[in-house]
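Under this note's numbering, the first residue of the sequence shown is numbered 256, with each subsequent residue one higher. Scroll down for the structure; my scribbles are underneath it.
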Amino acid sequence: YEELIEWNKKFNLTSITDYQEVQVKHFLDSLSVTSALTKEELENSNFNIVDIGTGAGFPGVPLKILLREARLVLIESVGKKTTFLRQIMAKLGLDNVEVIQGRAEEIAHSPLYREQFALAVSRAVALLPVLLELALPFCRIDGKFVAQKKGEIGAETNRADKATLTLGGKLGEVKRVELEEFGDERYLIIFDKISPTPEKYPRRPGLARRRPI
């Protein structure tokens with residue numbers, strides 16, 4: 256927490272700075288992703304995670320602190336945020352972590368990262384079809400993408416049907432996160448990767464937002 260607040264003075268990493276709010280809206284919210292994982296996944300020493308548009312490292316860093324053996328790749332396009340992430344990784348003594356400065360739309364086409372991950376996560380603010388286009392190409396077959404959403408999600412989930420099918424996914428489960436500390440309705444929308452993503456996806460940077468599938 257102290258490191259986050261200190262760096263935030265220089266780099267404006269987050270608008271949430273109150274201690275209690277950081278614990279709930281950043282750390283607790285990040286760790287809620289674990290309820291989408293099986294016992295076997297939580298205990299698998301070869302488990303690997305990609306966090307797309309990670310910002311100040313949420314949810315990826317709290318997940319890595321909990322799942323110490325997992326491999327974590329953090330993708331962030333803003334240089335000052337990747338500088339902070341590398342510093343905090345060293346400070347926390349976390350290994351098997353890779354911080355990449357770049358756009359997910361381009362990185363997902365690299366064979367080093369395409370369809371390599373058991374779990375893709377993202378707290379980026381975007382509609383589900385956009386998030387799916389950025390995330391599912393990173394997921395291996397039988398992997399999953401967990402989207403964190405709050406509020407009314409029915410219509411948005413329905414609108415994601417075409418993107419899910421197009422990108423090789425399948426809607427697996429929608430789980431409500433039951434924590435009174437949040438004070439609002441939060442959900443984990445879990446998409447399973449069932450077939451390879453067509454090579455054309457993701458499209459060039461910005462296109463997923465301008466013209467969602």
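Beta carbons: idealized from backbone N, C-alpha and C, even for Gly.
How long is the line joining the alpha carbons of residue i and residue j, rounded to whole angstroms?
i: I307; j: L426; result: 19 Å
i: A418; j: K335; result: 32 Å
i: I343; j: E324; result: 18 Å
i: L297; j: S285; result: 15 Å
i: Y368; j: R358; result: 13 Å
i: D447; j: G315; result: 19 Å
i: F282; j: T293; result: 20 Å
i: R341; j: I362; result: 18 Å
i: A200; j: I449; result: Absent from the structure is residue 200, since the part of the chain shown begins at 256 and ends at 468.
i: L349; j: T309; result: 16 Å
i: L422; j: L387; result: 8 Å
i: L443; j: V333; result: 26 Å
i: I408; j: K346; result: 37 Å
i: N263; j: S377; result: Unreliable positioning characterises N263 in this predicted model, as indicated by a pLDDT of 48, which lies under 50. A coordinate reading is not provided.
i: E295; j: K319; result: 16 Å
i: A291; j: V401; result: 7 Å
i: G424; j: G461; result: 21 Å
i: F339; j: P317; result: 15 Å
i: L382; j: G398; result: 21 Å
i: F302; j: I396; result: 14 Å
i: T337; j: E428; result: 32 Å
i: A373; j: A410; result: 27 Å
i: R465; j: L434; result: 35 Å
i: F313; j: R441; result: 16 Å
i: A463; j: L420; result: 15 Å
i: R237; j: D439; result: As displayed, the chain neither begins before 256 nor continues past 468, which places residue 237 out of reach and without an answer.
i: P366; j: E360; result: 13 Å
Since residue i and residue j are thought to touch, with beta carbons under 8 Å apart, how far apart are those beta carbons, to the nearest angstrom?
i: P384; j: Y456; result: In fact, because the Cβ distance is near 11 Å, the residues do not count as touching under 8 Å.
i: E370; j: P453; result: Their Cβ separation, rounded to whole angstroms, is 12 Å, which puts E370 and P453 out of contact at 8 Å.
Going by C-alpha distance, which of the options is nearest residue i?
i: I304; options: T421, V429, E428 and C394; result: C394
i: L389; options: D397, R431 and A379; result: A379
i: L322; options: G357, F400, S300 and G310; result: S300
i: H364; options: R414, R459 and G409; result: R459
i: V288; options: E295, T338, R414 and A375; result: A375
i: G406; options: F313, G398, V432 and F302; result: V432
i: K430; options: A415, F339, Q403 and P467; result: Q403
i: I445; options: T412, F313 and A381; result: T412
i: P467; options: D416, T337 and F372; result: D416
With 9 Å set as the bound, which would you pick, yes or no: does the beta-carbon of residue i sit closer than that to a beta-carbon of chain D?
i: T419; result: The structure shown contains no chain D, having only a single protein chain.
At least three beta-carbon pairs within less than 8 Å, the stretch 340-353 to the stretch 320-329: As far as the Cβ criterion goes, the stretch 340-353 touches the stretch 320-329, which means the pair count is three or higher.
Whole runs of the alpha helix (DSSP H) within the stretch 371-410, excluding any shorter than 4 residues: 383-390
Length-filtered (4 minimum) alpha helix (DSSP H) runs lying within the stretch 277-328: 294-298 and 315-321
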